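Numbering of the sequence shown is given in my numbering, commencing with residue 1462 and proceeding in unit increments.
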Amino acid sequence: MKSMNYYTLLVFAPLLVVTGVAGFLLPETLMSGAPAYNIFHILFGAFGLILVYFKKDPPIRGFNISFGLIDLYQAAASFLHLYPENLFRWRTGDDVLHIVIGAALVLIGLTRRERAV
């Protein structure tokens, strides 16, 4: 049986990789263009894909909760200007997106319901 956590990461991990690669390829008007931010997305997306491949729910749940908390921290840190502005180049839209994604991942990660497949 695969859980909601599994299906969430199955969709989310490739999106992280694509976002990271796109950050290097698209103009800065569409993406932040910050190399550290792009590398972060690629590495965490690849790690998520590895977890999806092995289909073990506890590590997948842990990833969803942890990454969700990282997203929430990132949004708060950006809002409070805890990072140098030129390091990640976050905008208000990034903060809102990371609050929504972070909260969703934490909530999904905290669920334990499994579905029959």
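In this text, a Cβ means the ideal position worked out from N, Cα and C, and glycines have one as well. Predicted, not measured: the structure shown is a model, and the values here were computed from it.
Checking 8 Å against the spacing of the C-beta atoms, do residue i and residue j come in under that value?
{"i": "Leu1512", "j": "Ile1526", "result": "no"}
{"i": "Leu1427", "j": "Ile1560", "result": "Lying before the first or after the last residue shown, residue 1427 is absent from the chain, which here runs from 1462 to 1578."}
{"i": "Ala1474", "j": "Gly1506", "result": "yes"}
{"i": "Leu1477", "j": "Gly1509", "result": "yes"}
{"i": "His1502", "j": "Thr1469", "result": "no"}
If I follow the unbroken alpha helix (DSSP H) through residue i, where does it start and stop?
{"i": "Met1492", "result": "First-last for Met1492: undefined, no H or E at that position."}
{"i": "Thr1553", "result": "Thr1553 to Leu1571"}
{"i": "Tyr1534", "result": "Asp1518 to Phe1540"}
Compare the C-alpha of residue i against each of the options and name the closest.
{"i": "Arg1552", "options": "Val1479, Phe1540, Ala1474 and Ile1569", "result": "Phe1540"}
{"i": "Gly1554", "options": "Ala1536, Val1567 and Ala1495", "result": "Ala1536"}
{"i": "Tyr1514", "options": "Ala1564, Tyr1467, Gly1563 and Glu1489", "result": "Tyr1467"}
{"i": "Asn1499", "options": "Ala1538, Val1472 and Gly1484", "result": "Gly1484"}
{"i": "Val1567", "options": "Ala1538, Leu1487, Ile1531 and His1542", "result": "Ile1531"}
{"i": "Ser1464", "options": "Val1557, Asp1518, Val1472 and Leu1543", "result": "Asp1518"}
{"i": "Val1482", "options": "Leu1471, Ala1497 and Leu1571", "result": "Ala1497"}
Using 8 Å for Cβ pairs, my map puts residue i next to residue j. What's the rounded Cβ distance?
{"i": "Arg1550", "j": "Ala1495", "result": "5 Å"}
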